[in-house]
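J.: Can you read through this structure? Questions will come right after.
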Amino acid sequence: MMERYKLKETKSIYEYFLSKIYEKGVSVYASLFFTELKNFINYQNKWDYIMSVKDMKPSKIAESSFETIIQSKKNEIPEEYKVTVINHYLKKSENSNSESGKSYYLDLANEFK
38 MMERYKLKET KSIYEYFLSK IYEKGVSVYA SLFFTELKNF INYQNKWDYI
88 MSVKDMKPSK IAESSFETII QSKKNEIPEE YKVTVINHYL KKSENSNSES
138 GKSYYLDLAN EFK
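Quick note, my numbering runs 37 ahead of the 1-based positions in the sequence shown.
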């Protein structure tokens, strides 16, 4: 969003998204933008927050948002959170209806081992 509309990140924008990260109905959408803000690096519980995104509602959008965030930050994930990521992808693999889907999610899980 910041790139698309050529917005400069300001304290007001950061605080706006911060106020929306747990708001019913918008939290899952806010998560995608909030985690990409430069000031997110200073957010005290950033990894706990990222791990909570997958449990937001609506579930399908939350899982997709979680996976997008994880892929964008995969080189930054602390070791203690990788188990959660791996388990998420393993569960997706188990629930997949196709062999290609199972393989896709297994490959993603293996990226974090």
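Note that the Cβ used here is the ideal one computed from N, Cα and C, for glycine as well.
Apply the 10 Å Cβ neighbour rule to Val120 and answer buried if 16 or more other Cβ atoms are within range, or exposed otherwise.
T.: Answer is exposed; the Cβ neighbour count stays below 16.
J.: Quick check on the burial criterion: 16 or more other C-beta atoms within 10 angstroms. Buried or exposed for Val16?
T.: In this structure the chain extends from 38 to 150, so residue 16 is not present and cannot be described.
J.: Counting only the same chain and skipping the five closest in sequence on each side, list residues whose C-beta sits under 8 Å from that of Ile106.
T.: Result list for Ile106: Ser68, Leu69, Thr72, Ile87, Val90, in chain order.
J.: Would you call Thr78 buried or exposed, if buried means 16 or more other Cβ atoms sit within 10 Å of its Cβ?
T.: A small correction: the amino acid at residue 78 is Ile; Thr does not occupy that position in the sequence shown. So Ile78 ends up on the exposed side.
J.: Return yes when the Cβ of Val65 is within less than 8 Å of the Cβ of Ala99, no when it is not.
T.: Contact: yes.
J.: Could you give the C-beta distance for Tyr59 and Leu74, rounded to a whole number, given that I count them as a contact under 8 Å?
T.: About 16 Å separates the two Cβ atoms, so there is no contact after all.
J.: Is it buried or exposed, Met93, if we count other Cβ atoms within 10 angstroms and call 16 or more buried?
T.: By the 10 Å Cβ count, Met93 comes out buried.
J.: Tell me the residue span of the alpha helix (DSSP H) that contains Thr15.
T.: As displayed, the chain neither begins before 38 nor continues past 150, which places residue 15 out of reach and without an answer.
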